[in-house]
């Protein structure tokens with residue numbers, strides 16, 4: 262079964278395929294302006310959240326019958 266991993270970073274989303282042997286292959290990247298309108302109490306804006314969800318759904322639709330995992334990375338200050 263094909264596997265797709267989506268890594269959501271602070272400004273870039275990276276999409277990888279994962280081989281049965283465990284090798285990651287970068288398929289595409291997309292930049293998002295998550296910091297625009299960011300509120301420390303509320304987080305990213307609804308518009309930015311929706312843009313991210315739309316992008317993830319697009320990837321899921323392009324890779325039907327594929328195990329898809331989404332990870333958000335965070336490095337505390």
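Residue numbers (our numbering): 262 to 338. Glycine is no exception: its CB is placed at the ideal position from the N, C-alpha and C atoms. Because the structure is a prediction, the values reported are computed rather than measured.
Whether residue i touches residue j by CB criterion (7 Å)
i: residue 333; j: residue 269; result: yes
i: residue 313; j: residue 262; result: no
i: residue 276; j: residue 289; result: yes
Separation of residue j from residue i, as counted between CA atoms
i: residue 266; j: residue 310; result: 19 Å
i: residue 303; j: residue 293; result: 18 Å
i: residue 285; j: residue 278; result: 6 Å
i: residue 296; j: residue 308; result: 12 Å
i: residue 324; j: residue 300; result: 33 Å
i: residue 322; j: residue 315; result: 10 Å
i: residue 271; j: residue 298; result: 14 Å
i: residue 281; j: residue 320; result: 20 Å
i: residue 326; j: residue 264; result: 9 Å
Residues bridged to residue i (per DSSP)
i: residue 286; result: 278
i: residue 333; result: 269
i: residue 328; result: 264
Residue i - DSSP class collapsed to helix/strand/coil
i: residue 313; result: helix
i: residue 294; result: coil
i: residue 264; result: strand
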